[in-house]
Each structure stands twice: as structure tokens, then as C-alpha cells.
């Protein structure tokens, strides 16, 4: 080691970044890049007041009837994973988007994009899984389409589903209704789906079996609405996880959100896997959970109703909406400190060590 | 997970905090060397709970942060070649080189793959004999042994289409450099436990004695950090400056002999540039002559790339503990994780990113709504 003292004058660490001229994976990650793509490219191009609401599903009125309308595409790899398959996701994901408007899903469309060379037996398994999931959710696949792309242009099977459902009278779920004092409830343990997918996609094993939480939430939502139609907003925290959903609600409602880190149910196996990979369970995807902002006077009854439902038995109050720091989500740590829980930028990246 | 719960117990944390509060009588400045420790401190709000007299200074121990721009540019050039499969740990993909990053190379058609182990890259090389497979070998003493082992395996198996882009760095010379800086304020170190689990503690007694600083080998969970602080403060209050192992569950004084032997065989010590800091003598590793054939820089003739770093970013000072992230005029305005000026804002372990992610509320320097913040520039 040299004895020469380093001259720190002028030490720099630089490299200006720039906007991206091409699509990167983060644009589909459900975080800030996704939001920018929608807000700055798609929404201006399409126009329209309904899209501007940017909900999980659109609430529209047609012939005097209030409908929820939603679409989603599924490009998961691998096609089959612990706890489900791309077929289950394609049904439950869209059913859940409709449920977040308070609607009971009625009809789905299904668009398959198949890769040349995909095994017919695999396509059949996917279709059968879709059929089972649809029957369990009480929806009918009413229309569909199939396209085939050349080998190398797809990942075997991609699926798009759209869905419609009726929104009951008196139900008006949107972030703009959130007010300070609302209680934040999550319906169960977070992070299971994302970690289950990682465990099979990357060949990682965490010493315990972790299954996706993939499930249709329509029944749970109906149980909650039976207590009171006056729920303020529901979100299913899929890509971007709990953190992204809370940030979207905070930003759209103009209220702050405080959560108590220790109250968020995180299964030990998920915490373990996230610790190994350097990920935060709040940002990991779920496929069978919801987060609800509920008026304080109804919170206990709604929580009881959720816990009485099989998909809500681990439901927990995790925080509240507040006047302070509008638009920001803040976590109180178990040790007594605080931290901001930000919108993820793109996809979470496992750290180097 | 049992081990996490045990080392995050709020009641035990309170006892350690009480002890620290009772021990401190005057101001002390401690540096946590590792970015993982910085992340834990900020994420759990530990710095808010310590006595005001205990200042935590964030050190240069983020492998992503200190990898030089020049090396990133070499990675970008190699990864752009059509015959190359470029493999990296995930968090390197977002680090900006000159004008772009590895994500962008991938969006332009480059075959850039995230792997979880260098051995995965070697397997990819075996499966793709017609293509060149390059692994981005960065990091400290923790990631160097498996990378060394991978090169050793490649040579043993006669795999000719695998190479390593090497930018490994060593912690003790960085501590030496920090202490030699005339503007250094550091009075004690929380040494990075995982580095010591590989290297042992042999290099630290001389550093502690020469610079009269306590060095406490410290883990990464909240209780580890608090125990490290407690022991360092106790030494400082007593006027002591020894090496203390507060991470005995993972660190043996002699380190990991098998890993050390692998490092000795495959690498040799060299001067190494640290991003934002400059060249620190003897602070890095490169492949030893026996393994030079596996050096991607030579294989792809990118040794000529030289990069001039712009002077806007002050993360060199942040990495040295001379500046807190929020004291930089660009923090949260010109420089955010969405649009970083430097790697300390990019890496999840970077001090600037940790402050931005977790501390904006206290600092009050950044507009609140995330999606309408200044960095949300149009993509149209």
C-alpha cells in the first residue's frame, strides 16, 4: 500500500442518464416506468375520460347499466408453477381486476398467441386450467381468438383476457374517495406468487415449498360489500406488489399513507427468500390478495367478514390514510424508525451479494 | 425466517440502543463500510434511533457503486457483440455507462442474461459452444472466490468460450485510503462481516493500530448493526482501538481457507480504479498470468476504452463519507433513481439511493408524488 495520501479534490462519480429510446423490461414491471408509459404515451394517444381514471378496471355506463370492463395479458414463464399456471392467472387476474371495481365478473374473452412448435398437450393443459378457473370464479369464457407466431417469436403460450361484470348500485370504488382516517387492510400474506415464480424460473430453492396465491377474489369482495357498500378503494397488488398499489392510491387520492411494517403479513418463507435475493417483499407480486381502504367506522366489521372468508383469513389492518405527506407512503419500522416506501422503478433486481 | 426474526427483535434492539445512549458522552463518527449495512441502517431507521452524538458515515462498500465507468463501458461494448452472451448479476444491468446501460443493450438486441451464480454462466457456455460467454466479475472479497472458482473450473474443463470481465476490489486498501485522506472524519469502522468471513481479520489489526481506530467486524441485520455500534462506541469512549469480532457466528479470524486458496491461485493483486474515487493502490484483483486467457478485456480487445467521468456528480465524496447524500445539490432533483447522475443513486445498496428511497420524508427535499416527480420525464 502506498503511503501517498489520495487527493480527494475533484473525485467524481457521474454518468448522466437519459430517457430510453427503446422499450425495456421495466416498462412492463408495474412500477414508475410502466406508469410513465401509460401516462405519457398511451393515455395522450388514446384520450378519453374513462382511461384517465387509470383503475384496475374501467367503470363505464352503458344503457343505464354500470359495468366494469378490464383487459390483461399474461406472459408468465414457466407456464406451470407451484400453485397454478398461466391459465389460472389469465382467468383470475381479469376476474380480480373487475372485482376491484366491486363488480361480479360475468363474461371473459380469451386471446391465445401460440408459438409455432408449442406442444398441443401443453396448450390443452392451459385451456383446461382456464376452464376450471372460470367455473370456480363463476364466469363464462364467451369469445376468443387464436394467433400463431413463428418459432422464436413467443414463449410457447401468451394469453390475453378481457372481462365485463356488473357494478352493484351504491358501490363506487376509486382512489379519489380515500380520505385521511381510512383504514388500510390487506387480505392476507404477501409475496407468495412472485417468490413461487422465482423459485421455479431461476432454479432457486429456498428450503420450503412456496406456492402461488393465485385465486379469484370476487367472492371475498362480495363478502366485504355485504358489510357495507361504502368501501373506498380496492386494489389487487400484482406487479409491483403492495408498494406499487399503495403508491398508486396515495398519488391518485392525494392523501398520505402510513403502514406499520410489522403488521404486514409476510410468510417466513417469503421473508427468507427475499433476504437471500436482496428483494423487498412489499414489492413482490401477488395474484390472490387485495388491499382495501375502508372508512374507519366500518373497518372492524369488514375485517371480520374478510377473516371469515377462506381467502381473507389472514387479513390484517396494516395502516391508515393520513393528512401528512400527501402522495407518499411511509412505513413505521419494527424498531421505531420511519422510511418512505417508494414506487418501484421497474422490476426488482436481485443484488450482487 | 427464524434467523431474520431473531436479529430484528425490537425489544433486544431497544436494550442495545439504551446501552449505546448510556455509554455515549461525546460525538463520534463511525463508518459502516458495506452498502448492505447502509441499506439496513436507513431501511430500519437505525440512524434515527441512535444518540445525536453518534454519526454514521456511509462507506464505499457498494460493489455496484464503485465499479468504474470505464469497466461498465467495456461491458456494454462486449455485450453488444452478436456472438456474445453477456451474463451478470441483476443489479449491474441498471448501472449507467456512458449514455446507456445493459438493459438498453438488451433492448437493442444484445444477449444479456441475469444469472445468480457465475457457474450458471459457465453452464451457458457449455450449452452454447459456438458463442462467447462473458461473466461480469465485479464486487468485493465476497464475490471474488466464486468467480475465481468458475475460471478455475473453465480451465480444468477446457471450456474455451468462457471469459471473465474482472473488476474486483478489496476492502482493506480502501480503509487505508480513507484514513489517509486529509479530510477524513472517521473515528471507527464497522467492517463488513461477509468480507471477513472470506478473508479473515488478519489485515485489520495493523490498520486499527496505525490509524488508532476501532474496527468492529459487523453483520447486516439491525441487531448486528446496533451491536457493532455499541462495541465501537464503547472502545472510543475508553480510548481503545482494537479489532473486535461482533459477527462471530459467521466470521473466523482465519477466514475461509478454501476460498483464500482459490483467490491465490486465480487472481493477483493489482491497483484498481474505484468509481468516483480514483485509483487506490493494491486495491483490486485481476486474473493471474496462468488464467490470462480467460480475461474478457484481452479476448475482446477492449483494453483501449478510456472514459472521462463528468464532474457533476459528487458521489465520490459520498463514498468517502465526506458528504451526506442529501447534502449534494443534485440530490432528488437532477439525480434520482429514475435518472441517476452516479452509481450511488442506481444501486440498491448505494447510499444516495437509500436516502432517496427511505428518507425523503425527513429530508423534505423531494416533491412527494412519485409519479409526478421531476424524474418522470416523458417517454414519447
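Chains as they are written, first to last, in this note's numbering: chain A, 31 to 383; chain B, -1 to 378.
Backbone N, C-alpha and C define an ideal beta-carbon position, used for all residues, glycine too.
Item, Value
"List the residues of chain A whose Cβ lies closer than 7 Å to the Cβ of residue 106(B), in chain order.", "52"
"Starting from the Cα of residue 29(B), find the closest Cα among 52(B), 123(B), 84(B) and 285(B) and give me that residue.", "52(B)"
"So if DSSP puts residue 139(B) in a beta bridge, which residue, or which two residues, is it bridged to?", "In the DSSP output, where bridge partners are listed per residue, residue 139(B) has none listed."
"I'd like the list of long-range same chain contacts for residue 91(B), defined as Cβ closer than 6 Å, with 5 residues on each side in sequence excluded.", "100 and 101"
"Pull up the CB-CB distance for residue 227(B) and residue 83(B), whole angstroms please, since I reckon it's below 8 Å.", "Contact doesn't hold; Cβ gap of about 44 Å is too wide."
"8 Å is my cut-off, CB to CB: does residue 372(A) come that close to chain B?", "yes"
"Three or more C-beta pairs closer than 8 Å, one from the region 244 to 259 of chain A and one from the region 179 to 186 of chain A: is that the case here?", "no"
"For residue 416(B), which residues does DSSP report across the bridge?", "Here chain B covers residues -1 to 378 and nothing more, so residue 416(B) does not appear."
"When DSSP builds the beta bridges, which residues end up paired with residue 77(A)?", "Paired residue(s): none; residue 77(A) is not in a bridge."
"Looking at residue 135(A): is its Cβ nearer than 8 Å to the Cβ of residue 248(A)?", "yes"
"Are at least three pairs of beta-carbons, each pair with one atom in the region 341 to 358 of chain A and one in the region 191 to 203 of chain A, less than 8 Å apart?", "no"
"Which runs of the beta strand (DSSP E) spanning at least 3 residues fall entirely within the region 239 to 311 of chain B, listed in chain order?", "241 to 243, 265 to 272 and 276 to 285"
"Report the three-state DSSP secondary structure of residue 137(A) (helix, strand or coil).", "strand"
"Quick check: what's the CA-CA separation for residue 129(A) versus residue 347(B)?", "38 Å"
"Buried or exposed for residue 353(A), going by 16 or more other Cβ atoms inside 10 Å?", "exposed"
"Can you give me the C-alpha to C-alpha distance between residue 236(B) and residue 25(B), rounded to a whole angstrom?", "13 Å"
"Could you pull the DSSP bridge partners for residue 104(A) from this structure?", "189(A)"
"Any beta carbon of chain B sitting closer than 8 Å to that of residue 369(A)?", "yes"
"Counting only C-beta atoms, is residue 43(B) closer than 8 Å to chain A at any point?", "yes"
"So, is the C-beta of residue 47(B) closer than 8 Å to a C-beta in chain A?", "yes"
"Of the residues 316(A), 139(A) and 338(A), which one's Cα is nearest the Cα of residue 250(A)?", "338(A)"
"Taking the CB atoms as reference points, tell me whether residue 365(A) and residue 14(B) lie closer together than 8 Å.", "no"
"Name the residues in the region 127 to 142 of chain B whose C-beta lies less than 8 Å from a C-beta of chain A; which are they?", "136, 137, 138, 140 and 141"
"Say whether chain B places a C-beta atom closer than 8 Å to the C-beta of residue 365(A).", "yes"
"Specify, as a first and last residue, the run of the beta strand (DSSP E) that residue 177(A) falls within.", "170 to 179"
"So, with DSSP's three-state summary, where would you put residue 92(A)?", "strand"
"What does residue 284(B) touch in chain A if you count any residue whose Cβ is under 9 Å from its own?", "Per Cβ cutoff of 9 Å: no residues; residue 284(B) is ~17 Å from chain A at best."
"Which first and last residues belong to the beta strand (DSSP E) in which residue 109(B) is found?", "109 to 112"
"Measuring straight from C-alpha to C-alpha, what distance separates residue 153(A) and residue 116(A)?", "10 Å"
"With a threshold of 8 Å, are at least 3 pairs of Cβ atoms found where one atom belongs to the region 130 to 149 of chain A and the other to the region 166 to 175 of chain A?", "yes"
"Could you tell me which of 64(A), 89(A), 359(A) and 65(A) sits nearest to residue 194(A), measuring between CA atoms?", "89(A)"
"Write down the C-beta distance between residue 209(A) and residue 351(A) rounded to the nearest angstrom, noting that I regard them as a contact closer than 8 Å.", "7 Å"
"If we ignore side chains and look at the alpha-carbon of each, how far apart do residue 242(A) and residue 279(B) end up?", "50 Å"
"I need the boundaries of the alpha helix (DSSP H) containing residue 101(B), first residue and last residue.", "100 to 105"
"For residue 309(A), which option in 345(B), 276(B), 310(B) and 43(B) has the closest C-alpha, if you only look at C-alpha atoms?", "345(B)"
"With the cut-off set at 8 Å, would you say residue 312(A) and residue 272(A) are in Cβ contact?", "yes"
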